[in-house]
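J.:
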Amino acid sequence: MNHSPNLLDEALGLTGRGFGGGALSQGRVVLVDDCVETSGAFVLHHLVKRALSPDSGGTVIFIALSHPFSHYDRILRKLGCNLSIHREHNRFHFVDMLKVEFPNEIQKNAVEHGLVDLYSKILKAVEVSSSGDYSRAHISTVIDDLSILEIVAHGSVDHVLDFLHYCITLTSEQDCSLVILNHEDIYPEMEAPRLLSHLIYLADFVIKAEPLVTGIAADVHGQLTVLKKGTFNDSQYTDKASNFHFQVKENGVELFFPGTRC
Amino acid sequence: MATTPTVRSSSFSRNISTSAALSASALTPGSRIGSGGAAFVSSGIPDLDRILGGGFLLGSLVMVMEDAEAPHHLLLLRNFMAQGVVHCQPLLFASPAEEPRAFLGTLPAPVAASKEERQRAPGPDHDEQEQGLRIAWQYKKYFGEQQASDAQNKDAKQEFGNNFDLRKSIERHMLSAQKVDCISIQKFSNLAPLRERCSSFLSKLPGNGAGLAGRIAIQSLCAPQCGFSDWDMVSFVRSLRAMLRYSKAVAIITFPSVILPPSFSKRWQHLADTLLSVRAIPDEDKDLAKLLTGYQDMVGLLHVHKVAQISSQVPVILEASTFSLKLQRRRSLVLERLNQAPVEGSSGTSYGTAGPCSGSLKGSSIDF
Numbered sequence: 008m009n010h011s012p013n014l015l016d017e018a019l020g021l022t023g024r025g026f027g028g029g030a031l032s033q034g035r036v037v038l039v040d041d042c043v044e045t046s047g048a049f050v051l052h053h054l055v056k057r058a059l060s061p062d063s064g065g066t067v068i069f070i071a072l073s074h075p076f077s078h079y080d081r082i083l084r085k086l087g088c089n090l091s092i093h094r095e096h097n098r099f100h101f102v103d104m105l106k107v108e109f110p111n112e113i114q115k116n117a118v119e120h121g122l123v124d125l126y127s128k129i130l131k132a133v134e135v136s137s138s139g140d141y142s143r144a145h146i147s148t149v150i151d152d153l154s155i156l157e158i159v160a161h162g163s164v165d166h167v168l169d170f171l172h173y174c175i176t177l178t179s180e181q182d183c184s185l186v187i188l189n190h191e192d193i194y195p196e197m198e199a200p201r202l203l204s205h206l207i208y209l210a211d212f213v214i215k216a217e218p219l220v221t222g223i224a225a226d227v228h229g230q231l232t233v234l235k236k237g238t239f240n241d242s243q244y245t246d247k248a249s250n251f252h253f254q255v256k257e258n259g260v261e262l263f264f265p266g267t268r269c
Numbered sequence: 523m524a525t526t527p528t529v530r531s532s533s534f535s536r537n538i539s540t541s542a543a544l545s546a547s548a549l550t551p552g553s554r555i556g557s558g559g560a561a562f563v564s565s566g567i568p569d570l571d572r573i574l575g576g577g578f579l580l581g582s583l584v585m586v587m588e589d590a591e592a593p594h595h596l597l598l599l600r601n602f603m604a605q606g607v608v609h610c611q612p613l614l615f616a617s618p619a620e621e622p623r624a625f626l627g628t629l630p631a632p633v634a635a636s637k638e639e640r641q642r643a644p645g646p647d648h649d650e651q652e653q654g655l656r657i658a659w660q661y662k663k664y665f666g667e668q669q670a671s672d673a674q675n676k677d678a679k680q681e682f683g684n685n686f687d688l689r690k691s692i693e694r695h696m697l698s699a700q701k702v703d704c705i706s707i708q709k710f711s712n713l714a715p716l717r718e719r720c721s722s723f724l725s726k727l728p729g730n731g732a733g734l735a736g737r738i739a740i741q742s743l744c745a746p747q748c749g750f751s752d753w754d755m756v757s758f759v760r761s762l763r764a765m766l767r768y769s770k771a772v773a774i775i776t777f778p779s780v781i782l783p784p785s786f787s788k789r790w791q792h793l794a795d796t797l798l799s800v801r802a803i804p805d806e807d808k809d810l811a812k813l814l815t816g817y818q819d820m821v822g823l824l825h826v827h828k829v830a831q832i833s834s835q836v837p838v839i840l841e842a843s844t845f846s847l848k849l850q851r852r853r854s855l856v857l858e859r860l861n862q863a864p865v866e867g868s869s870g871t872s873y874g875t876a877g878p879c880s881g882s883l884k885g886s887s888i889d890f
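Chains as they are written, first to last, in the working numbering: chain A, 8 to 269; chain B, 523 to 890.
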């Protein structure tokens, strides 16, 4: 059961050997957008599981801002992936940012320094993983979640964007990908949604988790829209969007096309 | 296909025997172990505990969105705090009022004459209770183990949550017996002192194992008279949430969401583990009165937006998310599913229609 790809894997291109060309290959940026009613955290868990699976044998750098390690450990264990062991083997780097504060009042550049520190932690982890036994393995950087990083940065969008650009530059230099969880509904349309539009522009995959229009149901938890931005292939530009309904379970997520479930 | 994602349907939930749960709840009065090894404390409203699948999860942040025009959030806050006082749990209360200690005088008193209380009290009633239990145990062989464990759970539950009488205020000696930290946040120019107080309060709590769970209640954090900046408040909420994750406590924050800019209101909601909102209902709303039964007894509506899920990715889907707040016999709060009145013709909105979900109601709402 562990290796059978589901619709989410297909939509994200995680079916081939080594996930070539998919969401977890070099230089890819995946943006997961969710809202208060429907959490998109399960997509993150799924991607972490796939990135650490024996098929890909990759490394994950996890920037945690919303939950402690035990939370992810328990969830991923139910999904069939032991984070503690991966952590011991240096394949899972957990950066606990839960209690990190950048004291803005005391130092003027505290936010900048804090983010530089965070970036150097990521860089160090990337160096460790690319120099070790898994030198050719793919590295995924996961941020959960970006809106809290904004809070940590006291709302300084510029600093957060700078940090993201650094991370994205890293992904293009090394065999890295970047997975970001963010909340779509905190950026109302009236205000200039700078960060959100930047993110959507930067992302290769945009995954949106929304509640069903018809309300809450026990066996359909919401709908997922996966947008894969196209590339110019044979002078043809192709965008690919797919829409699914999903049900989150403890041992995985079940996706199906709307109306195909009996 | 019948995997309805309720809290207990997980096949991975840790199989704690009821005796272990009982001993755990005996060790830490006022908290109990639910499915999956999660520990709960009571919200002070037994119906709300049941709706949320056991109560407020320890280590979680509960947020209540206030009705800007009505003080219904205070009902939740009072019951939550009074339950903490009854269990002698450490309590921290922060409020924009100048004299937050005065609010303690308005806490409701536990219902003393209820059946639960009598069963709890040792003494002449004890034999009677024993008898009742013996009868229940005699049925054990007929009902199997499930029923027996239910009976035991019920027994443990009586330690867990009380009914409160809103007409009577809590006795003074209960308040003076324990120290309740009261803070007026109006004096502060920013939220750093409150953060410090919360942090020192949480660090004084015992770690894992035996010991009382702590409760933090913060009333109207974003009240305009305090004048905190938006980013300051949201970063306080974030750090409080992070502190709670590692401690044995529950925090409840009420906030008037309409005062916040919409984007910040959403940020707050994202930070909440359990998100509730309360709304008053107008006295003379003819349309609603026609639509719902028991409209006269309703005080307000409670909406459950989010239920805390720590260490699980499965969202909790409740059968109904809107409940009516009612006062039973004018004194204790009960929550009920909305019942649609049997009217002919079209009704614009359709709520979940079912019998009263409140077990303590004893069918008093079947009045049609």
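For each residue, glycine too, the CB sits at the ideal point set by N, CA and C.
1. Of all the CB atoms in chain A, is at least one closer than 9 angstroms to the CB of residue 735 of chain B?
2. Measure how close the beta-carbons of residue 707 of chain B and residue 617 of chain B come, nearest whole angstrom, since I'm counting them as under 8 angstroms.
3. Of all the residues that make up the stretch 26-54 of chain A, which are near chain B by a beta-carbon distance shorter than 7 angstroms?
4. Would you tell me roughly how many angstroms separate the C-alpha atoms of residue 138 of chain A and residue 32 of chain A, rounded to the nearest one?
5. So what's residue 109 of chain A in DSSP terms, helix, strand or just coil?
6. For the alpha helix (DSSP H) containing residue 791 of chain B, name the first residue and the last one.
7. So the candidates are B:715, B:719, B:709; which of them puts its Cα closest to the Cα of residue 702 of chain B?
8. Considering residue 246 of chain A, what are the terminal residues of the alpha helix (DSSP H) in which it resides?
9. Can you find the residues in the same chain that come closer than 7 angstroms, C-beta to C-beta, to residue 697 of chain B, ignoring five residues on each side of it along the sequence?
10. Cβ closer than 8 angstroms: which chain A residues qualify as neighbours of residue 799 of chain B?
11. Taking C-alpha atoms, which residue in B:628, B:710, B:842 lies nearest to residue 749 of chain B?
12. Taking only three categories from DSSP, how would you classify residue 270 of chain A?
13. Report the option in B:780, B:593, B:772, B:754 whose CA atom is closest to the CA atom of residue 603 of chain B.
14. In three-state terms, what does DSSP make of residue 587 of chain B?
15. Should residue 565 of chain B and residue 577 of chain B be called a contact, given that it needs their Cβ atoms to be closer than 9 angstroms?
16. Between the stretch 794-806 of chain B and the stretch 588-600 of chain B, can you find at least three pairs of beta-carbon atoms closer than 8 angstroms?
17. Could you say if the stretch 64-77 of chain A and the stretch 210-221 of chain A meet the contact criterion of at least three C-beta pairs nearer than 8 angstroms?
18. Specify, as a first and last residue, the run of the alpha helix (DSSP H) that residue 38 of chain A falls within.
19. Report back the beta-carbon spacing between residue 856 of chain B and residue 569 of chain B to the nearest angstrom; my notes put them in contact at under 8 angstroms.
20. Counting only beta-carbon atoms, is residue 715 of chain B nearer than 9 angstroms to chain A?
21. When the Cα atoms are used, what is the spatial distance from residue 713 of chain B to residue 690 of chain B?
22. Taking only beta-carbon positions, decide if residue 265 of chain A is within less than 9 angstroms of chain B.
23. Taking buried to mean at least 16 other C-beta atoms within 10 Å of its own C-beta, is residue 791 of chain B buried or exposed?
24. Per DSSP, what kind of secondary structure is residue 189 of chain A in: helix, strand or coil?
25. Report the rounded CA-to-CA distance for residue 757 of chain B versus residue 73 of chain A, giving the unit in angstroms.
26. Look at the alpha carbon of residue 688 of chain B and the alpha carbon of residue 854 of chain B, and state the distance between them as a whole number of angstroms.
27. Consult DSSP for residue 801 of chain B and reduce its assignment to one of helix, strand or coil.
28. Tell me the rounded alpha-carbon separation between residue 788 of chain B and residue 751 of chain B.
29. Please report how far the alpha carbon of residue 858 of chain B lies from the alpha carbon of residue 848 of chain B, in whole angstroms.
30. Which two residues bound the contiguous beta strand (DSSP E) that contains residue 776 of chain B?
31. Taking only the alpha-carbon atoms, compute the straight-line gap between residue 821 of chain B and residue 846 of chain B and give it to the nearest angstrom.
32. Quick one: residues in its chain with C-beta nearer than 8 angstroms to the C-beta of residue 619 of chain B, no 5 flanking neighbours on either side, listed in chain order?
33. What residue does the beta strand (DSSP E) around residue 5 of chain A start on, and which one ends it?
34. In chain A, which residues lie with their C-beta within 8 angstroms of the C-beta of residue 862 of chain B?
35. Do residue 184 of chain A and residue 14 of chain A come within 9 angstroms of each other at the CB atom, strictly closer than that value?
36. For the stretch 162-171 of chain A against the stretch 758-778 of chain B, do three or more pairs of beta-carbon atoms, one drawn from each stretch, fall closer than 8 angstroms, so that the two count as touching?
T.: Walking through what the data contain:
1. Chain A contact via Cβ: absent.
2. Contact flag correct, Cβ pair sits at about 7 angstroms.
3. From the stretch 26-54 of chain A, only 43, 46, 48, 49, 52 have a Cβ closer than 7 angstroms to chain B.
4. Distance from the CA atom of residue 138 of chain A to the CA atom of residue 32 of chain A, rounded to whole angstroms, is 19 angstroms.
5. It is coil, neither helix nor strand.
6. For residue 791 of chain B, the enclosing alpha helix (DSSP H) begins and ends at 784-793.
7. Taking residue 702 of chain B as reference, the option from B:715, B:719, B:709 with the minimal CA-CA separation is B:719.
8. Element bounds for residue 246 of chain A: n/a, residue is neither H nor E.
9. Answer for residue 697 of chain B: 607, 626, listed in chain order.
10. Result: empty, since nearest Cβ-Cβ is about 11 angstroms, beyond 8 angstroms.
11. Residue B:710 is the option with its Cα nearest to residue 749 of chain B.
12. Residue 270 of chain A lies beyond the residue range present for chain A, which begins at 8 and ends at 269; the question has no answer from this structure.
13. Of all alpha-carbon atoms in B:780, B:593, B:772, B:754, the one lying nearest the alpha-carbon of residue 603 of chain B is that of B:772.
14. In the structure shown, residue 587 of chain B adopts extended strand secondary structure according to DSSP, grouped into three states.
15. For residue 565 of chain B and residue 577 of chain B, yes; Cβs fall inside 9 angstroms.
16. Yes, the stretch 588-600 of chain B touches the stretch 794-806 of chain B.
17. Result no; under three Cβ-Cβ pairs closer than 8 angstroms.
18. Per DSSP, residue 38 of chain A belongs to no alpha helix (DSSP H); it is in the beta strand (DSSP E), 36-41.
19. Between residue 569 of chain B and residue 856 of chain B the Cβ distance is about 5 angstroms, and since that is below 8 angstroms, they are a contact.
20. Not a single C-beta of chain A is nearer than 9 angstroms to the C-beta of residue 715 of chain B.
21. For residue 713 of chain B and residue 690 of chain B, the distance between alpha carbons rounds to 34 angstroms.
22. Judged by the 9 angstroms Cβ criterion, residue 265 of chain A is not in contact with chain B.
23. Residue 791 of chain B is buried by the Cβ-count criterion.
24. DSSP places residue 189 of chain A in strand when its eight states are reduced to three.
25. Rounded to the nearest angstrom, the two C-alpha atoms are 12 angstroms apart.
26. A straight-line Cα-Cα distance of about 6 angstroms links residue 688 of chain B and residue 854 of chain B.
27. Per DSSP, reduced to three states, the secondary structure at residue 801 of chain B is strand.
28. Pairing residue 788 of chain B with residue 751 of chain B, the inter-Cα distance amounts to about 16 angstroms.
29. Distance from the CA of residue 858 of chain B to the CA of residue 848 of chain B, rounded to the nearest whole angstrom, comes to 8 angstroms.
30. Note, residue 776 of chain B: beta strand (DSSP E), 771-777.
31. Cα to Cα, the separation comes out at about 7 angstroms.
32. Listed in chain order, the non-local C-beta contacts of residue 619 of chain B below 8 angstroms within the same chain comprise 625, 706, 708, 741, local neighbours out to five positions each way being set aside.
33. Residue numbering for chain A in the displayed model covers 8 to 269; residue 5 of chain A lies beyond these limits and cannot be assessed.
34. The contacting residues do not exist; residue 862 of chain B stays about 16 angstroms from chain A at best.
35. Contact flag unset, no.
36. Flag = no, the stretch 162-171 of chain A and the stretch 758-778 of chain B do not touch.
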